[in-house]
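Numbering (UniProt numbering), first residue to last: 1 to 103.
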């Protein structure tokens, strides 16, 4: 278990160092989205930081790239629809998210 800081630009650094140190077979990242009543595995990650509220260090980036030379978006290589179905089949509310700001 690793708890990463809720601070733009820090979480990735902490995670990268932990992966290098522990060499895990897999990494599962989760977060809490206020107001959601279901688990929402993400299908796509948009390469933009656009905060509605400041992070725990007071940063509030507005339409900034996360990876400067990166693509506009990254699609998950995981079977997201299968994960959603398995959760729902086992009584755990789930729906696929097509971006961190929507369900």
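Backbone N, C-alpha and C fix where the C-beta goes; we use that ideal spot for every residue, glycine too.
Determine, using beta carbons only, whether residue 6 and residue 97 come nearer to each other than 7 Å.
-> no
Extent of the continuous alpha helix (DSSP H) run through residue 83 | 80-89
Whole beta strand (DSSP E) elements within the segment 43-75, 3-residue minimum | 44-46 and 73-75
With a cut-off of 8 Å on the beta carbons, I'd call residue 94 and residue 38 a contact; round off their distance for me.
-> 5 Å
Taking Cβ positions, are residue 49 and residue 8 nearer each other than 7 Å?
-> yes
Among residues of its own chain, excluding the 5 on either side of residue 103, which ones have a beta-carbon nearer than 6 Å to its beta-carbon?
-> Legend: pLDDT at residue 103 = 46, less than 50; position of this residue unreliable, no value from coordinates given.
Start and end of the alpha helix (DSSP H) containing residue 21?
-> Unbroken alpha helix (DSSP H) run through residue 21: 11-22.
Residue 39, DSSP secondary structure in three states = For residue 39, the secondary structure class from DSSP, reduced to helix, strand or coil, is strand.
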